[in-house]
Amino acid sequence: MSSDEPIVSAVDVHKSFGNNKVLKGINMEVSTGEVVTVLGPSGSGKSTFLRCINQLEEIDSGAIFVDGEQMGFELRGDRLYHLPDSAVRRQRRKIGMVFQNFNLFPHMTALQNVVEAPIGIHGRDKTEAREEAMELLQRIGLAEKANSYPRQLSGGQQQRVAIARALAIKPRLLLFDEPTSALDPELVGEVLTTMRNLAEGGLTMLVVTHEISFAREAAHRVVFMDGGVVVEDGKPDEVLNNPQQARTRQFLNRFI
Amino acid sequence: MNTTAQDISASPGQSAALRVSRNVADAYKPFPIWRLVAWLVLGWIVLEAVMLVGQNPNFGWATVGEYLFHQNILDGLKITLGLSVVSMALGILFGLVIALMRMSPDRLLSGFAAGFLWFFRAVPLLVQLIFWYNLSALFPEVKISIPFGPELGAWETNSLISPLTAAIIGLALHEAAYMAEIIRGGLLSVDRGQIEATQAFGMSRARALRRVILPQAMRFIVPPSGNQFISMVKATSLVSVIAMSDLLYSVQAIYNRTFEVIPLLLVAAAWYLFIVSLLNVGQEFLERHFGRSERGVVDDDALSEEAES
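Quick mapping for you: the protein sequence lines, in order, are chains S and C.
Heads up: the first sequence runs through residues 165 to 420, numbered per the working numbering.
Heads up: the second sequence runs through residues 109 to 417, numbered per the working numbering.
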């Protein structure tokens, strides 16, 4: 299912906000086609780490590689240089992101939301992009809502449109930042179903979530973070059923 | 007694013969007696005021009619409209630039913008207009040259700063300072997550501003901008001090000759009312356009508006 070549590789990543050390040396690899779920208590740094991958946050030290390129930096000769903004934007375009609060563009219809990046940023043909967008909306079961504004959709529907929007750029990697945390309990299921379908489709996904069920059923690997470090990393049934670390056991006990 | 949905048509405790509906849909509304009183009083006040003004010979309505479409007045009207539109357009443009500079993390840029705001909001418009008009007294000549290099050209300030340019510069800079704060307020009202979404897509800042941020900020920018535009139309009357023949100046020129002060001021007032009425229509249109996702109406306008590459 997953090949050996890593698409994400984080090496000793540190990040502080002021005096608050949020990431204290994260090492992690994600292989192409792999679905990795990051679990951990609030404040463990899991969302921050996800945001560091597509450079919504700048890291203080260490290095992050995506698809063979170092994010935000470039080695020229034997010196490492900051990349200019335009190059950073180009790197981000390979990565799709789904936010906790959806962040759909409220002044655009569902369809306009989905085609905005492919047409406006990736320069795709308009008719073609619109046809593909309709197919994506069909796949998530919202084709009839194509001309609705986000405000007219339920939270679950909005998040599914946001997933379609992230898929429309044909990302090499899809990041999910607590995609179900802002949803009413009865709406979580439809979003998880959509995500599970994507996972089965062979997409590389890095999912920060509190949904243990998703980690158990859809992930190839579970990473448990606490206090800014990776505490445990392994197959879902190993980490979830037989955790080796006390902190992981303590965290999981709260969900039983 | 247990009242269920089925028996609301019958009042509880009453016999079947005296059935009275308790369904609120069947309820009668009492006659709005106090609203009627308010209408009558207001109507009487308005009618009385109109009669008082309309039938008063001192207002000289015949003279008003005579001068309303007078050529000098229409010329002045053109100047007033032209000045308002050009100064407002420049004011919005500079205002946007100043607002973006003010929000920049770069201390120098935001400091410059803060200084601009401080200065141009503090100095009265009238003082600014007179200052720009008299620029030649301070700088008799304008030169363009390469630093430490040859001179490329020189002009007499008097030939550059006509009353028109002085008026446009003064009004536009004054307007820019106010518009900058209005635009900044609008930009700040847009959810931080929206900016993050554009960043995550790798959207350029200019495109994010144009496609995502400004369309959402506009809902908060348009109403106070309407205020500003109206103020601007009336503020142009200040340019009469630098011998610009705007609407008010034309009116004054006539009544200085004929001494028909009140009728001619009424002519000016009538035209200002007309311009502002047009602006109100424009503002309503803009508000409806930028609020359409709020109402959730998908009009043809929205459907044809696709992402541009």
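Glycine residues also receive a C-beta, built at the ideal position from the N, C-alpha and C atoms.
Keep in mind the model is a prediction, meaning the values are calculated, not measured.
Taking all protein chains shown into account, decide if residue i is buried (16 or more other Cβ within 10 angstroms of its Cβ) or exposed.
i, result
"residue 233 (chain C)", "buried"
"residue 293 (chain S)", "buried"
"residue 159 (chain C)", "exposed"
"residue 380 (chain C)", "buried"
"residue 280 (chain S)", "buried"
"residue 147 (chain C)", "exposed"
"residue 275 (chain C)", "buried"
"residue 390 (chain S)", "buried"
"residue 268 (chain S)", "buried"
"residue 163 (chain C)", "exposed"
"residue 179 (chain S)", "buried"
"residue 230 (chain S)", "buried"
"residue 225 (chain S)", "exposed"
"residue 295 (chain S)", "exposed"
"residue 313 (chain S)", "buried"
"residue 204 (chain C)", "buried"
"residue 280 (chain C)", "buried"
"residue 246 (chain S)", "exposed"
"residue 405 (chain S)", "exposed"
Nearest chain C C-beta to residue i closer than 7 Å, yes or no?
i, result
"residue 270 (chain S)", "yes"
"residue 285 (chain S)", "yes"
"residue 165 (chain S)", "Residue confidence is low: residue 165 (chain S) scores 45 on pLDDT, short of 50, so the model does not pin down where it sits. No coordinate-derived value is stated."
"residue 220 (chain S)", "yes"
"residue 298 (chain S)", "no"
"residue 423 (chain S)", "The question about residue 423 (chain S) has no answer here: the residues shown for chain S are numbered 165 through 420."
"residue 346 (chain S)", "no"
"residue 174 (chain S)", "no"
"residue 281 (chain S)", "yes"
"residue 192 (chain S)", "no"
"residue 253 (chain S)", "yes"
"residue 265 (chain S)", "yes"
"residue 336 (chain S)", "no"
"residue 245 (chain S)", "no"
"residue 257 (chain S)", "yes"
"residue 359 (chain S)", "no"
Any C-beta of chain S sitting closer than 7 Å to the C-beta of residue i?
i, result
"residue 324 (chain C)", "yes"
"residue 250 (chain C)", "no"
"residue 305 (chain C)", "yes"
"residue 96 (chain C)", "Because chain C spans 109 through 417 in this model, residue 96 (chain C) falls outside it and cannot be assessed."
"residue 301 (chain C)", "yes"
"residue 314 (chain C)", "no"
"residue 330 (chain C)", "no"
"residue 219 (chain C)", "no"
"residue 401 (chain C)", "yes"
"residue 162 (chain C)", "no"
"residue 310 (chain C)", "yes"
"residue 320 (chain C)", "yes"
"residue 397 (chain C)", "no"
Below 8 Å on the Cβ atoms is my guess for residue i versus residue j; work out the distance and round it to an integer in Å.
i, j, result
"residue 285 (chain S)", "residue 257 (chain S)", "6 Å"
"residue 274 (chain S)", "residue 300 (chain S)", "About 10 Å; that fails the 8 Å criterion."
"residue 208 (chain S)", "residue 171 (chain S)", "About 23 Å separates the two Cβ atoms, so there is no contact after all."
"residue 189 (chain S)", "residue 393 (chain S)", "6 Å"
"residue 236 (chain C)", "residue 178 (chain C)", "Contact doesn't hold; Cβ gap of about 31 Å is too wide."
"residue 236 (chain S)", "residue 252 (chain S)", "6 Å"
"residue 339 (chain S)", "residue 323 (chain S)", "The pair is not a contact, with the Cβ atoms about 14 Å apart (cut-off 8 Å)."
Looking at the structure shown, is residue i part of a helix, part of a strand, or coil, going by DSSP?
i, result
"residue 188 (chain C)", "helix"
"residue 413 (chain S)", "helix"
"residue 231 (chain C)", "coil"
"residue 304 (chain S)", "coil"
"residue 185 (chain S)", "strand"
"residue 190 (chain S)", "strand"
"residue 106 (chain C)", "With chain C covering only 109 through 417, there is no way to say anything about residue 106 (chain C)."
"residue 305 (chain C)", "helix"
"residue 340 (chain C)", "helix"
"residue 291 (chain C)", "helix"
"residue 284 (chain S)", "helix"
"residue 276 (chain S)", "helix"
"residue 264 (chain C)", "strand"
"residue 240 (chain S)", "strand"
"residue 344 (chain S)", "coil"
"residue 398 (chain S)", "strand"
"residue 364 (chain S)", "helix"
Between residue i and the ligand FAD, is the CB less than 6 Å from at least one heavy atom?
i, result
"residue 195 (chain S)", "Because no ligand of any kind appears in the structure shown, any question about the ligand FAD cannot be addressed here."
In the DSSP output, what is residue i paired with across the bridge?
i, result
"residue 171 (chain C)", "In DSSP, residue 171 (chain C) forms no bridge with anything."
"residue 170 (chain S)", "S:195"
"residue 204 (chain C)", "DSSP output for residue 204 (chain C) lists no bridge partner at all."
"residue 225 (chain S)", "S:178"
"residue 251 (chain C)", "C:262"
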